[in-house]
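Scroll down for the structure; my scribbles are underneath it.
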Amino acid sequence: MTRISVKDLAFSYRPGEEVLKGITLDFDGRSTAIIGQNGSGKTTFVKLLKGLLKPTRGEIHILGRPVSEMTAAALAPYIGLVFQNPNDQIFKSTVLDEVMFGPLNIGVDPKRAKEKALHALQMVGLAERAAENPQDLSLSEKKLVCIASIVAMEPEILILDEPTIAQDHAGTATVRRVIGRLKEQGKLVMTIIHDMDFVAENFERVIILHRGTVLADGDPREIFSRRELLERAGLGVPHITRLGWSLGRTKTYLTEAEFIRSMRGEGAADR
Amino acid sequence: MKKIIVEHLKYRYPQAENLALDDLSFEVDEGEMVGIIGRNGAGKSTLCQALVGLVPHFYRGAYGGKVTVAGLEVMRSSVSRLSTKVGIVFQNPFTQVTGSKWTVYEEVAFGLENMGVPRKEMIERVDYALHLLGLEDCKDRNPFDLSGGQTQRLAIAGVIALKPEIIVLDEPTSQLDPRGTEEVFRAIHRLSEEGMTVVLVEHKMEKIARYCNRVMLLDEGKLIQFASPASVFSREDLTRYGVAPPVYTRVCRELDAKREGSPHFPVTLEEAREVLKGR
Chain A
1 MTRISVKDLA
11 FSYRPGEEVL
21 KGITLDFDGR
31 STAIIGQNGS
41 GKTTFVKLLK
51 GLLKPTRGEI
61 HILGRPVSEM
71 TAAALAPYIG
81 LVFQNPNDQI
91 FKSTVLDEVM
101 FGPLNIGVDP
111 KRAKEKALHA
121 LQMVGLAERA
131 AENPQDLSLS
141 EKKLVCIASI
151 VAMEPEILIL
161 DEPTIAQDHA
171 GTATVRRVIG
181 RLKEQGKLVM
191 TIIHDMDFVA
201 ENFERVIILH
211 RGTVLADGDP
221 REIFSRRELL
231 ERAGLGVPHI
241 TRLGWSLGRT
251 KTYLTEAEFI
261 RSMRGEGAAD
271 R
Chain L
1 MKKIIVEHLK
11 YRYPQAENLA
21 LDDLSFEVDE
31 GEMVGIIGRN
41 GAGKSTLCQA
51 LVGLVPHFYR
61 GAYGGKVTVA
71 GLEVMRSSVS
81 RLSTKVGIVF
91 QNPFTQVTGS
101 KWTVYEEVAF
111 GLENMGVPRK
121 EMIERVDYAL
131 HLLGLEDCKD
141 RNPFDLSGGQ
151 TQRLAIAGVI
161 ALKPEIIVLD
171 EPTSQLDPRG
181 TEEVFRAIHR
191 LSEEGMTVVL
201 VEHKMEKIAR
211 YCNRVMLLDE
221 GKLIQFASPA
231 SVFSREDLTR
241 YGVAPPVYTR
251 VCRELDAKRE
261 GSPHFPVTLE
271 EAREVLKGR
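Just so you know, the sequences run in chain order A and L.
Here the first sequence stands for residues 1 to 271, where the numbers follow the UniProt record's numbering.
Here the second sequence stands for residues 1 to 279, where the numbers follow the UniProt record's numbering.
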């Protein structure tokens, strides 16, 4: 089922300088990573989906609804966006209030909003910090609070702009777990991310944006096999993929487990 | 020459119960590139702030021991005096933008203006920093109109323009794409080869392994180990400190592939290829 349909989408911040140049894409339920160089239009693209910017040309439908005819507020129950910079998102004086803000705003009653908020905080491992001021948290914790704020609204579509920024090993594992849970719940999870190892392990579809256009669109193995294309887009491949290639393997490895199995001869045909 | 000397540094934030830094002692030579690793909350950012004097001068709190950077004792020197010798790039680049300048060019010049650097030299240094970080095309843009990655490059450029003897970077590539990350690491590495002393916090272990000559592992404010990347990343108990070694080290450990004549596992792509080829 198509959840987001984008037709010939164009946008410019200044006249004559198109940041997005006519993008046409459909999004079904597959978890999707949008990758591309800094300045390629990724964040602009998701802000348009969320209705925070108005396209200069083209159409977007979210769950069948035309974005152009809706306010960002009317879209909020269906699509949530975790901002790149947590300081742009956080403004309440306790973590709990911050996470309850979204649900309350889309009309959830206070009791339910609190339940949802606590549940979301539990998911990101910050339930015990609910009474603290979010400004006292570290950058990585703030980012998790922002993720919880959107999770608590239970939108059908969640977009995470750079979810693993500032996360350590455990934090990255938490983000991975949250994304997994959301996928299980049938949500469409989209992300903008530069960590290719994370993309290879967690996403079913990869879209490369390059200078405002879609350069490639496919599953991770397909995308990460296209060495020249990635080079042209200024992108890397997962570390394990690169190791495989450097050993002369033709297969594009996406996970360490896959690589190790193959090295042990358990997947000899893969070589 | 020792550029950083830390002796029994202890520090506790105001109103905190535990020590954020607990009896740290170490030395860093001129031109070294040191990577600080550890789980979030281990004290990495606090240590960065202690090297530039924001700990204790800005944050206050309880302070013990002695930190000397580029010959200045931090406790006895003002932050502005220290800022002529040691620069810091904050973890969140959006925090670094002053908000008082209309263009990227002027933003990079901000620190130099404050130090009263002559105009001619100021122009040279701003141009150099913009070039090094690949920001020439953005120089006339408003600093708040930049993408996350561009803002991060701007934050680094502003500090590099100051030509500090020591540069401290707290996750300097968190918002950058893979190519941008590689470029920034190369640029910083070049500066260290030219004699600048570099201390950086980073979660991208593959980059630390590739570029840093020594790695400092912190946990709960304590210094666990300060040694070569190969030695630190080969620790069997590393994950206990909330750190995963580079992918290359992980798979080589799993395959029991050590470097010839070395007690350590490979930490870079090249080393991993060397021990795995022919298998």
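Built from N, CA and C at the ideal position, the CB exists for glycine as well.
Keep in mind that this is a model prediction, so the values were computed, not measured.
Using alpha carbons as the reference points, say which of the options lies closest to residue i.
i	options	result
K101/L	C212/L, G221/L, K139/L	K139/L
V124/A	F83/A, A76/A, L182/A, G107/A	L182/A
A117/A	I240/A, I150/A, T174/A, S40/A	I150/A
T98/L	T84/L, V159/L, H8/L, S77/L	V159/L
F144/L	G180/A, N85/A, T172/A, P163/A	N85/A
L49/A	G36/A, R205/A, M70/A	M70/A
K3/L	L51/L, V247/L, T181/L	L51/L
Q122/A	S31/A, R205/A, V178/A	V178/A
I66/L	S25/L, E274/L, S262/L	Reading off the sequence, residue 66/L comes out as Lys, not Ile. It is S25/L.
residue 293/A	L255/L, E260/L, Q225/L	Any question about residue 293/A goes unanswered here, given that chain A covers just 1 to 271.
R179/L	D8/A, K7/A, Q37/A, G22/A	Q37/A
E256/A	G102/A, T172/A, E201/A, E18/A	E201/A
V201/L	E260/L, P14/L, V215/L, G242/L	V215/L
S225/A	T252/A, A170/A, C146/A, V95/A	T252/A
T241/A	G39/A, P220/A, G234/A	P220/A
R125/L	E136/L, L9/L, L162/L	L162/L
R60/L	E32/L, Q15/L, V104/L	Q15/L
G16/A	M1/A, D8/A, T56/A	T56/A
R190/L	Y211/L, L269/L, T103/L	Y211/L
G102/A	A166/A, I147/A, E59/A, E128/A	I147/A
Looking only at its chain, what residues have a beta carbon closer than 6 Å to the beta carbon of residue i, apart from the 5 residues adjacent to it on each side?
i	result
residue 276/A	This structure cannot settle anything about residue 276/A, because the visible part of chain A is limited to 1 through 271.
P93/L	T151, Q152, A155
S5/A	D26, H61
N133/A	S93
G51/A	V67, A72, L75
Q49/L	V55
Apart from the five residues on each side of it in sequence, which residues of its chain come closer than 7 Å, Cβ to Cβ, to residue i?
i	result
G148/L	Q175
V108/A	K116
G195/L	E30, G31
Nearer than 7 Å: is that true of the beta carbon of residue i relative to any heavy atom of the ligand ZN?
i	result
V168/L	Absence of the ligand ZN is noted for the structure shown, with no ligands found whatsoever.
Could you tell me which residues DSSP puts in a beta bridge with residue i?
i	result
L217/L	I37/L, Q225/L
residue 349/A	Examination of residue 349/A is not possible in this model, given that chain A is present from 1 through 271 alone.
residue 274/A	Outside the modelled stretch of chain A, which goes from 1 to 271, sits residue 274/A, for which no answer is possible.
S5/A	D26/A, H61/A
S12/A	E18/A
D22/L	K10/L
E27/L	I5/L
G107/A	For G107/A, which the question treats as bridged, DSSP gives no partner whatsoever.
I167/L	G87/L, V198/L
T68/L	I5/L, E73/L
Y63/L	Y11/L
A120/A	Its beta-bridge partners do not exist; DSSP assigns none.
G80/A	L158/A
D217/A	I207/A
P66/A	H61/A
Leaving out the 5 sequence neighbours to the left and right, which residues in its chain are closer than 8 Å to residue i when beta-carbon positions are compared?
i	result
F110/L	T98, S100, K101, G158
E107/L	V97, T98, K101, P143, L154, G158
P263/L	S234
Please report whether the beta-carbon of residue i lies at a distance below 8 Å from any beta-carbon of chain L.
i	result
A120/A	no
Q135/A	no
Q84/A	yes
E228/A	no
S246/A	yes
N202/A	no
residue 273/A	Lying before the first or after the last residue shown, residue 273/A is absent from chain A, which here runs from 1 to 271.
M190/A	no
Comparing the C-beta of residue i with each C-beta of chain A, is any distance below 8 Å?
i	result
D177/L	yes
A20/L	no
L269/L	yes
G43/L	no
K139/L	no
F94/L	yes
L217/L	no
residue 286/L	Because chain L here runs from 1 to 279, residue 286/L falls outside it and cannot be looked at.
K258/L	no
H203/L	yes
R253/L	no
- Message: Three or more C-beta pairs under 8 Å: does that hold for the stretch 63 to 76 of chain A against the stretch 108 to 117 of chain A?
- Response: As far as the Cβ criterion goes, the stretch 63 to 76 of chain A does not touch the stretch 108 to 117 of chain A, which means the pair count is below three.
- Is the number of C-beta pairs between the stretch 54 to 65 of chain L and the stretch 10 to 23 of chain L that are closer than 8 Å three or more? The answer is yes - the stretch 10 to 23 of chain L touches the stretch 54 to 65 of chain L, with three or more Cβ pairs under 8 Å.
- Task: Assess, as a yes-or-no matter, whether the stretch 85 to 97 of chain A is touched by the stretch 130 to 141 of chain A under the definition of 3 or more beta carbon pairs within less than 8 Å.
- Result: Result yes; three or more Cβ-Cβ pairs closer than 8 Å.
- Query: Does the stretch 239 to 253 of chain A come close enough to the stretch 25 to 44 of chain L that 3 or more CB-CB pairs lie under 8 Å?
  - Reply: No: fewer than three Cβ pairs fall under 8 Å.
- Task: Spell out a yes or no on whether the stretch 26 to 43 of chain A and the stretch 191 to 208 of chain A are touching, meaning 3 or more CB-CB pairs, one atom from each, closer than 8 Å.
- Result: By the Cβ criterion, the stretch 26 to 43 of chain A is in contact with the stretch 191 to 208 of chain A, since at least three pairs of Cβ atoms, one from each stretch, lie closer than 8 Å.
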